[in-house]
Amino acid sequence: MEYTFIIVLLPFLSFLFLGLAGKKLAPRVAGYVGTAVLAISAALSYLAAWQYFTTAKVGGVFKPWSMDFRWLNFTKDLHIDLGMLIDPIAVMMLVVITTVSLMVHLYSIGYMHGERGFQRYYAFLSLFTFSMLGLVVATNIFQMYIFWELVGVSSYLLIGFYYTKPEAVAASKKAFIVTRFADLGFLVGILLLSFYTGTFSFERLTSGDASLFNEAGGVTFMGCSVIGWALALIFIGGAGKSAMFPLHVWLPDAMEGPTPVSALIHAATMVVAGVYLVARLFPVYYLEAPDVLVLIAIVGAVTSLYAAVVACVQTDIKRVLAFSTISQIGFMMVGLGVSGLEGHEGLGYMASMFHLFTHAMFKALLFLGAGAIIHAVHSNEMGHMGGLRKYLPVTRFTFLIACLAIAGIPPFSGFFSKDEILAATFHFSPLLGAVMSFTAGLTAFYMFRLYYRIFWNKETRHDHAPHEAPRSMTIPLVFLAFVTLVAGPIPFGKFVTSDRAEYLIHLDWTVAGASVAIALVAIALATLLYRKESAIPDRLATSFKGLYTAAYKRFYLDELYLFVTKKIIFNGISRPIAWFDRHVVDGTMNGFATLSQRVSCAIRGFQSGQVQQYVMVILLGTLFITVLVLFI
Amino acid sequence: MEKLHLEYYLVVSIIMFFAGIYGFITRRNLLAILISIELILNSVDINFALFNRFLFPGQLEGFFFTLFAIGVSACETAVAIAIIINIYRNIRNIQVKNLEQLKD
Amino acid sequence: MDISIQETVFFLLATVIVLFSILTVTTKRILRSATYLLFVLFATAGIYFQLEYSFLGAVQLTIYAGGIIILYVFSILLTNQQADERLEKLKNSKVAAGIVAAVAGAGLSLFLLLTHSFGPSRLAGGEVPVKAVGTALMGTEKYQYLLPFEVISILLLACIIGGIMIARKR
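Protein chains in written order, with my numbering: chain A, 1 to 632; chain B, 1001 to 1104; chain C, 2001 to 2170.
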């Protein structure tokens, strides 16, 4: 399995090559180079997945394969390693990342055609892919943290790709600062966890060896065990990256980046890093801090519901998709939160991973489709679209497939994964299950609202007829639609489970039937409201004005953040500190400088070069001193 | 002879000395300044000889100091005049106000 | 009149020295300045003779009056510009500063001189024989000056070379 190393290394080399030599290359060549390198990586990941899932099973359990080398050696016990850990979820993530990344690379050749900084764009994409791959194969939590930050940096760079646009710059800063703030929690959590367990290694942490946590057994802080605190802090890091409520504010703004970037980073891969992190440490969460898992489930559910409600009223199609992403990640978190560890209890874990996989595919598809639409009409606003079904047939059908998948209609992939999450949630708590079912219905509603507003509804006048995207953009759409179509029946439980043993999926038809029914009702409602142009939506909006405006403004969370940061932190804390720094600290130094300057100016006259003046001064000085000595 | 105290001679020498100081401070011609320096040196020479003669008549230190000072002042004058002539050759002038380049 | 010949000579010399010292530094013409300096130097030699340091007086005459003044006169004539000589207008502030400095210094020194007692002082000891001077110059004992003699001869040599080096045409 050593060749898996190459999967990670290739995008890095591509990044170096494109970053250093990009200016010398023709843009088209840079695009081809990046895409070709990703294609090799993807092919190797498929090979690795095939090989791993066929050979690594020992006694019904997948055995992880890993290699490590010691990188920073501080003491005998404290050392930081770099390495590769190949186990089912890592393999799955490798496949997802390389696939989506390959599609996005290919798509971008068409989408980004003629943009300034095309080579730079590809270099950053490669950097991101490298960082994300490094993150998923990390053998220890510290390596993961390093790549975690690298992912954050490349996300920042790509959101701010149009750095001449002030909104893009603001959005990239916001994304970086919010996630960085959450990463502080992650880092503290890492330090706490490794301080008490004495190891960074995932394999040792998740081995179920309770003796590791003995040392921390009696330590508590504010009524909770210290391991619980550490895991909760680590989850905060994950929540920041995965845009969980209330740290989700950066993700909608991150849509200022190029659309393929949104598809790759802010829909399919980076934002699920938090889910992946929790899944990676799942045994630790389950065995040491079940309370935190409940917290995760609740946070996931709240996020999911909140984002779904907000998505129903947004008019910018990328924002709708962004909130949809937040909502779906909430589903994954709920799946993890309600899961057990062994055997049949691990349904939630398996479902969550499955949903991660299918969601990556259909959400990337949705974003790329949205990109094709934006490419055609040059606008993000729903109001500028409508009636596009005649002009964009390929986009329309692939988009429809993705919508059906996310709405949870069989036999599309989303149905299977989402349904299992719902089943696990109902098993855990009927109340939570009901909330999630409602959210699933909302999902179906807002997705079809989006679909109808784009492709049906009233046709808007266009200056020139919108045209279908070029081949390089439609091929990824068709491929992802194909995956979305066929991925549902994959016996996912055979591959990725919480205890790495096989898990037999059988559908819970009561839950499934109910959720399909809810989805169908929601779709019917959306059809009724939005298929033809009608006044009902506007009337509804006016009659529920308060709710509508609140949802449209995302329940004023951004304003709240701005209030807290600008009014309280900036004015209350930063300003006085800045004033102190500028006037007292700098003032002292400036005072010294000014003083010495003044003195030098005054003294400078003495250094006139006139010998006679010197003699005069010497003489008077001598006389003065003589007088002093004599008379005083 | 008994009336001629040391103080009489010293008064003369002080006047000579400060005449030199005055010249040094006010004159602008380099050679005039050098002449003032000669005055100062000369007054000091007189002082050495005086102190030797009046206070320590049996010894010769002041005598020899004067002798050597005359020699040194001869050296100094020679070198200074060489320099002044060189300056004159370069800037056709020996006014001290023009000699400011050295300060920067 | 109870004035001895010595006193007469002293007062004459003192008058010459004071008068010509002041003239040296106040005259506007540089050549006159050099001439007045010559008179001052002659008078100084006179004082040496009066102190019965005939050798010192002779040295003063030959080196100062004979050598250095000639050097001055030559260099004055070499660098003399007709315009330059007369145009040496003195700035009033500078003159005032010079006068203040000189008068203050002189006043302070005179004050010190007149308030300080030197103890019994008298002109005594008689003529210093040239032989004694020669022995002291060439000896290496205490109170003998062979080393300064050699040092000053090297200094003179350095001066000759340096003077040539500096003043020669390049």
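Yeah, the Cβ is synthetic: ideal placement off N, Cα and C, and Gly gets one too.
All values reported here derive from a predicted model rather than from experimental measurement.
Assumed close pair residue i, residue j - CB separation to whole angstroms, cut-off 8 Å
| i | j | result |
| --- | --- | --- |
| A/T398 | A/A481 | 4 Å |
| C/Q2060 | C/T2044 | 6 Å |
| B/L1031 | B/I1094 | 7 Å |
| C/S2021 | C/V2040 | 6 Å |
| A/L336 | A/Y349 | 6 Å |
| A/A44 | A/P64 | Strictly speaking, residue 44 of chain A in this sequence is Leu, with Ala absent from that position. Not a contact, Cβ separation roughly 18 Å. |
| A/L356 | A/M332 | 6 Å |
| A/A48 | A/I97 | Between A/I97 and A/A48 the Cβ distance is about 12 Å, and since that is not below 8 Å, they are no contact. |
| C/A2102 | B/I1021 | 5 Å |
| A/A267 | A/Y122 | Rounded, the Cβ-Cβ distance is 19 Å, inconsistent with contact. |
| A/L231 | A/E149 | A/L231 to A/E149, Cβ: 20 Å. No contact. |
| A/A273 | A/L135 | 6 Å |
| A/T594 | C/L2108 | Incorrect: roughly 40 Å between the Cβ atoms, too far for contact. |
Buried or exposed by the 16-neighbour rule on C-beta atoms within 10 Å, applied to residue i
| i | result |
| --- | --- |
| A/G240 | buried |
| A/N571 | exposed |
| B/M1001 | Note on B/M1001: pLDDT 47, under 50, position unreliable in the model; no value is reported. |
| A/Y556 | exposed |
| A/G605 | exposed |
| A/P476 | buried |
| B/N1029 | buried |
| A/E533 | exposed |
| C/P2129 | exposed |
| A/W579 | exposed |
| C/L2114 | exposed |
Nearest to residue i (by Cα), restricted to the options the options
| i | options | result |
| --- | --- | --- |
| A/L305 | A/T199, A/V226 and A/S437 | A/S437 |
| A/I40 | A/I236, A/L347, A/P11 and A/E115 | A/P11 |
| A/A263 | A/T199, A/K165, A/F362 and A/M333 | A/F362 |
| C/F2049 | C/K2028, C/F2010 and C/L2019 | C/F2010 |
| A/T510 | A/H344, A/A465 and A/E420 | A/E420 |
| B/E1038 | B/C1075, B/I1083 and B/R1053 | B/C1075 |
| A/R28 | A/V478, A/E115, A/M92 and A/T269 | A/E115 |
| A/L347 | A/E502, A/V271, A/L251 and A/T199 | A/E502 |
| A/T206 | A/P393, A/V302, A/A279 and A/M1 | A/A279 |
| B/E1007 | B/S1036, B/F1054, B/L1041 and B/L1034 | B/F1054 |
| A/S242 | A/D291, A/L547 and A/T179 | A/T179 |
Local conformation of residue i per DSSP, three classes
| i | result |
| --- | --- |
| A/L72 | strand |
| A/M385 | coil |
| A/N214 | coil |
| A/M244 | coil |
| A/M67 | strand |
| A/A633 | Residue 633 of chain A is absent from the structure shown; chain A starts at 1 and stops at 632. |
| A/C312 | coil |
| A/H113 | coil |
| A/M1 | coil |
| A/G24 | The residue you asked about is not Gly; residue 24 of chain A is Lys in the sequence shown. It is helical. |
| A/V104 | helix |
| A/D77 | coil |
| C/A2083 | With a pLDDT of 49 at C/A2083, under the threshold of 50, the predicted position of this residue should be treated as unreliable, though the coordinate-derived value follows. If DSSP states are grouped into helix, strand and coil, C/A2083 belongs with the helices. |
| A/G488 | coil |
| A/S201 | strand |
| A/I632 | coil |
| A/K390 | helix |
| A/S429 | coil |
| C/I2003 | coil |
Contact check, residue i vs residue j, beta carbons under 8 Å
| i | j | result |
| --- | --- | --- |
| A/E381 | A/E256 | no |
| A/A308 | A/T425 | no |
| C/E2007 | C/G2126 | no |
| C/L2071 | B/T1026 | no |
| A/Y530 | A/Y452 | yes |
| A/T358 | A/S324 | no |
| A/A182 | A/Y156 | no |
| A/L388 | A/I454 | yes |
| A/I110 | A/A465 | A small correction: the amino acid at residue 110 of chain A is Gly; Ile does not occupy that position in the sequence shown. Result no, Cβ atoms of A/G110 and A/A465 do not sit closer than 8 Å. |
| A/V271 | A/L251 | yes |
| A/L212 | A/R204 | yes |
| A/D360 | A/T303 | Note on identity: in this sequence residue 360 of chain A is Ala, with Asp being the wrong assignment. Cβ atoms of A/A360 and A/T303: not closer than 8 Å. |
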